[in-house]
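Numbering (mature numbering (1 follows the signal peptide of the UniProt record, and there is no 0)) for the sequence shown: -24 to -1, 1 to 255. Here a beta-carbon is modelled for each residue, glycine too, at the ideal position from N, C-alpha and C. Treat the numbers as computed from the prediction; the structure is a model and nothing was measured. In what follows, a structure is listed as structure tokens, so that the remarks can point back to it.
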Amino acid sequence: MTKRCLTWALLIVSVFLCPETIRSASGSCDLSVIRGNSVYNFSLASPRPKYPHGALSEDGFYKLALNGTFLWFQLCDQMIFNHDPPRCVGCQGCGGPLHCGMKCNALVAEKIEGYYVCTTIGQQSTTNIAPIDEKDLHKGVVVKMSASNPTNKCSLSVSVFCDPSRTHGLHSIDKHGTCDYVTELWHPSGCANIISIHGKGLGWFGTLIITILCLFGGYLLAGSAYRYFFLGIRGLDVIPNMEFWLHLLQILQSFLWSLVGRWRRRSQDSQNPYRPVRR
């Protein structure tokens, strides 16, 4: 019974006391930044008035051209082509010749010796979002997509500036280096949803307690993984210093039971009107 209680305690520490660690891998176009007493929440894929798909293209892709070079991309998701699909040689890493453009976030086509050759420059798994200006979060965010192939160093950066009233931009592309592309978009989704947390924070003591508990949970998980994979230990004995934690849990149980006993005795004494008088 004691071992079972300890197991449940470890699960609670790992799951509920460190939620930010688990949620940090949420949507590729979501970002939350704390500044002072405010939280700036960006979500490019969330619906907005007049923009049910947020900053995503309703056609399933954006298309730009620069000096005979064509660029297709979609924010936060893979591209979908119901019309005008890319027609080019190669298309490795993005659907191949039969489904070109359907398996990546960004694709560029350049004309080489009379043929358009496609290069994947963005995958959803390598998409990163960050503020345009760390000192002025009202400007918006930049979404950077890059190829997952280590031999392919190409990338696409789309700066989504805040414009609460309308959307515009995506008129041109800038090329930096061999295959790093940059473009800009003004959109209401680039504006942050600001939430005030003044007077609602945990304070330094609450933050310290959560930090200690998260470190404790990390110690237990790392130690358990080492004992399981490297030492071959199985069962609950995989938990490091198991005997110490069981002994500590027994001490805490005894302490709690003693407190409960004292409280019960005081309650009974207060309810008994005929208590003996000491002389």
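Check	Outcome
Cross-strand partners of Y92 (DSSP beta bridge)	K87
Reference K26, options L191, D156, V119, H163, closest by Cα	H163
Inter-stretch contact at 8 angstroms, needing at least 3 Cβ pairs: the stretch 31 to 49 / the stretch 193 to 205	no
Proximity winner among L113, A123, H75, relative to A82 (alpha-carbon distances)	A123
Three-state secondary structure (DSSP) of G44	coil
With 16 other Cβ atoms within 10 Å as the buried cut-off, status of F18	buried
Three-way DSSP call (helix, strand, coil) for P107 in this model	strand
Residue range of the beta strand (DSSP E) that includes S14	14 to 19
Inter-residue spacing [alpha-carbon to alpha-carbon] between D150 and I97	14 angstroms
Contact check, Y38 vs L146, beta carbons under 8 angstroms	yes
Straight-line gap, D156 to L132 (C-alpha atoms, nearest Å)	6 angstroms
Start-end ranges of the beta strand (DSSP E) lying completely within the stretch 138 to 185, minimum 3 residues	150 to 152, 156 to 163, 169 to 172
Where D6 sits in the DSSP three-state scheme	strand
Which of helix, strand or coil DSSP assigns to L132	strand
Top-ranked residue by Cα proximity to T102, from V84, K129, L235	K129
Stretch-stretch touch, CB-based, cutoff 8 angstroms, three pairs: the stretch 74 to 88 with the stretch 48 to 62	yes
Whole-Å CB distance - K111 paired with C138, under 8 angstroms assumed	Wrong, their Cβ atoms sit about 15 angstroms apart, outside the cutoff.
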